[in-house]
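Student: Listed in order, the protein sequences are those of chains A and B.
1 is the number of the first residue of the first sequence in the working numbering; add one for each residue after it.
1001 is the number of the first residue of the second sequence in the working numbering; add one for each residue after it.
2 protein chains.
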Amino acid sequence: MSMLTEPYGVLTNLEIGSMTSPAKKTVVRLRDLRPFLRQRDLIVKNAEADRIIYWYYECSQLTESGQLNFGITTITPGIIGEEYHFTRGHYHTNPNAGEVYLTTKGEGILLTQSTDGKTKEINLRPGSTAYISPGWAHRAVNTGDEDFVYFYSYPANAGHDYSLVEKDGFKKVVVRRKGMPTVIAVK
Amino acid sequence: MSMLTEPYGVLTNLEIGSMTSPAKKTVVRLRDLRPFLRQRDLIVKNAEADRIIYWYYECSQLTESGQLNFGITTITPGIIGEEYHFTRGHYHTNPNAGEVYLTTKGEGILLTQSTDGKTKEINLRPGSTAYISPGWAHRAVNTGDEDFVYFYSYPANAGHDYSLVEKDGFKKVVVRRKGMPTVIAVK
Chain A
1 MSMLTEPYGV
11 LTNLEIGSMT
21 SPAKKTVVRL
31 RDLRPFLRQR
41 DLIVKNAEAD
51 RIIYWYYECS
61 QLTESGQLNF
71 GITTITPGII
81 GEEYHFTRGH
91 YHTNPNAGEV
101 YLTTKGEGIL
111 LTQSTDGKTK
121 EINLRPGSTA
131 YISPGWAHRA
141 VNTGDEDFVY
151 FYSYPANAGH
161 DYSLVEKDGF
171 KKVVVRRKGM
181 PTVIAVK
Chain B
1001 MSMLTEPYGV
1011 LTNLEIGSMT
1021 SPAKKTVVRL
1031 RDLRPFLRQR
1041 DLIVKNAEAD
1051 RIIYWYYECS
1061 QLTESGQLNF
1071 GITTITPGII
1081 GEEYHFTRGH
1091 YHTNPNAGEV
1101 YLTTKGEGIL
1111 LTQSTDGKTK
1121 EINLRPGSTA
1131 YISPGWAHRA
1141 VNTGDEDFVY
1151 FYSYPANAGH
1161 DYSLVEKDGF
1171 KKVVVRRKGM
1181 PTVIAVK
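Here it is in structure tokens:
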């Protein structure tokens, strides 16, 4: 199976957050993020629903053990209600699948949590490399005034489960308090 | 098993090629590279045997399916005989284990080859991202005048087999011809 694919190269822009073909681009707007907001009843005007919160370019391989997907994500700067722009966040469907993040621009916080209730936050700035252990959900938050960009890689057979996060939310979120990014526990 | 480890962060210098603890540093010198040279009978003076060809910092996880190791490699600029400085290169012991390279500084060429005789070269400059499919041996070559630096990630259960490359060499190598890096087939 694995010999079906040959090595290949793409060009990644580490400042803008883009990647040449065969990478595929996905854009996530405020309307897509609504079920993941801490304030689910937040009133979002139609004009704001189109706001781009983040995008990512990803190169996907065959879904088989040992193959790696990789890509680059850009989270725009901004606040929704009191939450800084963030990615929806997910568990991997396959509990035995880690992930690596390498920050290339901006400032952010990586929120992680395990299904048994542990949480851990990791501050990210250019050069910060985070390892997300298998079994931990992960969400990235842009806490700066400019785009926050990171390169990532994970096993191609990981799968993404957004439903647990959509149902229960993240145990901790990043909000602006006195003008500063502050990690708070959600009750 | 996988819940034994928590997410963590390190700081990576993408220009120099270094990584903070718990990353471990390995230095490879000309004497270590000798069995991998095209000209194995090349006379290397003792004073030159200490020359640093490359180093890498690596964060290793538990050796289990779905965990990812990651690190950063710096190949110094230079020539040995007529070959540009290069990494030894290896197959993964586990034939189902790919690898991702992200170039952050300098210029190089990634040489890849499969056990059934195929070869493929990929040019690398800052932002170049290469995917090395499972089953392909890989060697990086610094073809520029400055350090060549790349970030990488691969499955923690990949394993490294240098013996096949030491025995048979790479089918193609990068040599200086008329002052230019040139990929040639080894007879």
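We put the CB at the ideal spot given by N, CA and C, even for glycine.
At the level of alpha carbons, what is the spacing between B/PHE978 and B/THR1074?
Tutor: No answer is possible for residue 978 of chain B: it lies beyond the span of chain B, which begins at 1001 and ends at 1187.
Student: Is it the case that the region 21 to 28 of chain A contacts the region 47 to 58 of chain A, given that we only count it when at least three CB pairs across the two stretches are under 8 Å?
Tutor: The region 47 to 58 of chain A vs the region 21 to 28 of chain A: in contact.
Student: If you measure from the beta carbon of B/SER1002 to each beta carbon in chain A, is any gap under 8 Å?
Tutor: Residue 1002 of chain B sits at position 2 when you count from the first residue of the second sequence. Confidence at B/SER1002 is low in this model, with a pLDDT of 39, below 50, so its placement is unreliable and the value that follows should be read with caution. Yes, its Cβ sits closer than 8 Å to a Cβ of chain A.
Student: Which chain C residues are close to B/TRP1136, counting only those with a beta carbon under 7 Å from its beta carbon?
Tutor: No chain C is present in this structure, whose protein chains are A and B.
Student: Express the C-alpha separation of B/LYS1120 and B/TYR1131 in angstroms, rounding to a whole number.
Tutor: Counting from one through the second sequence, the residue named residue 1131 of chain B turns up at place 131. Counting from one through the second sequence, the residue named residue 1120 of chain B turns up at place 120. Answer to the nearest angstrom: the Cα atoms are 12 Å apart.
Student: With a threshold of 8 Å on Cβ separation, who are the neighbours of A/ASP276 within its own chain once the five nearest residues in sequence on each side are excluded?
Tutor: Summary: the structure shown does not reach residue 276 of chain A, with chain A confined to residues 1 through 187, and so no result is reported for it.
Student: With a cut-off of 8 Å, does the C-beta of B/LEU1102 fall near any C-beta of chain A?
Tutor: Counting from 1 along the second sequence, the entry for residue 1102 of chain B is found at position 102. Yes - at least one Cβ of chain A is within 8 Å of the one on B/LEU1102.
Student: Measure from the C-beta of A/PRO181 to each C-beta in chain B and report whether the shortest distance is under 8 Å.
Tutor: Start at 1 with the first residue of the first sequence, and residue 181 of chain A comes out as number 181. Chain B, which has no Cβ nearer than 8 Å to the Cβ of A/PRO181, makes this no.
Student: Can you find the residues in the same chain that come closer than 6 Å, C-beta to C-beta, to A/TYR91, ignoring five residues on each side of it along the sequence?
Tutor: Position 91 of the first sequence, counted from the first residue, corresponds to residue 91 of chain A. ALA137, ASP161 and LEU164, listed in sequence order.
Student: Would B/THR1103 and B/PRO1126 be called neighbours here (beta carbons separated by less than 8 Å)?
Tutor: Taking the second sequence and counting its residues from 1, one reaches residue 1103 of chain B at position 103. Taking the second sequence and counting its residues from 1, one reaches residue 1126 of chain B at position 126. In contact: B/THR1103 and B/PRO1126 (Cβ atoms closer than 8 Å).
Student: Please identify the residue among A/TYR150, A/GLY108 and A/THR115 whose C-alpha is closest to the C-alpha of A/ASN13.
Tutor: Stepping through the first sequence from its first residue, residue 13 of chain A is reached at position 13. Selected option, being the one with the closest Cα: A/TYR150.
Student: Since I believe B/GLN1039 is in contact with B/ALA1156 (beta carbons under 8 Å), could you give me their beta-carbon distance rounded to a whole number of angstroms?
Tutor: For the purposes of this step, residue 1156 of chain B is taken as the residue at position 156 of the second sequence. For the purposes of this step, residue 1039 of chain B is taken as the residue at position 39 of the second sequence. With 8 Å as the limit, B/ALA1156 and B/GLN1039 do not qualify as a contact, their Cβ atoms being about 35 Å apart.
Student: So which residues on chain B does A/LEU30 lean against when the C-beta distance must stay under 9 Å?
Tutor: As a first step, residue 30 of chain A is located in the first sequence; it is residue number 30 there, counting from the start. Here the premise fails: no neighbours, minimum Cβ distance about 27 Å.
Student: According to DSSP, which residues form a beta bridge with B/ASP1032?
Tutor: Taking the first residue of the second sequence as 1, we reach residue 1032 of chain B at position 32. Partner(s): none; B/ASP1032 has no beta bridge.
Student: Since B/VAL1173 meets chain A, which of its residues come closer than 9 Å, beta carbon to beta carbon?
Tutor: Locating residue 1173 of chain B in the second sequence gives position 173, where the first residue counts as 1. Those do not exist, as B/VAL1173 stays about 17 Å from chain A at its closest Cβ, beyond 9 Å.
Student: Is there a C-beta anywhere in chain B that falls below 8 Å from the one on A/GLN39?
Tutor: Here residue 39 of chain A is taken as the residue at index 39 of the first sequence, counted from 1. A/GLN39 does not count as touching chain B.
Student: Got a sec: does the ligand MG put a non-hydrogen atom nearer than 7 Å to the Cβ of A/LEU110?
Tutor: You won't find the ligand MG in this model; it holds no ligand whatsoever.
Student: Can you check which of these residues, B/GLY1159, B/ARG1177 and B/GLY1071, is closest to B/GLY1081 by C-alpha distance?
Tutor: Position 81 of the second sequence, counting from 1, holds the residue named residue 1081 of chain B. Of the candidates B/GLY1159, B/ARG1177 and B/GLY1071, the one whose C-alpha sits nearest the C-alpha of B/GLY1081 is B/ARG1177.
Student: Assign B/ARG1139 to one of three DSSP states: helix, strand, or coil.
Tutor: Along the second sequence, read from residue 1 onward, the residue named residue 1139 of chain B stands at position 139. It is a strand residue.
Student: State yes or no: is the beta carbon of A/LEU42 nearer than 8 Å to at least one beta carbon in chain B?
Tutor: To locate residue 42 of chain A, count along the first sequence from 1; it is residue 42. A/LEU42 does not count as touching chain B.
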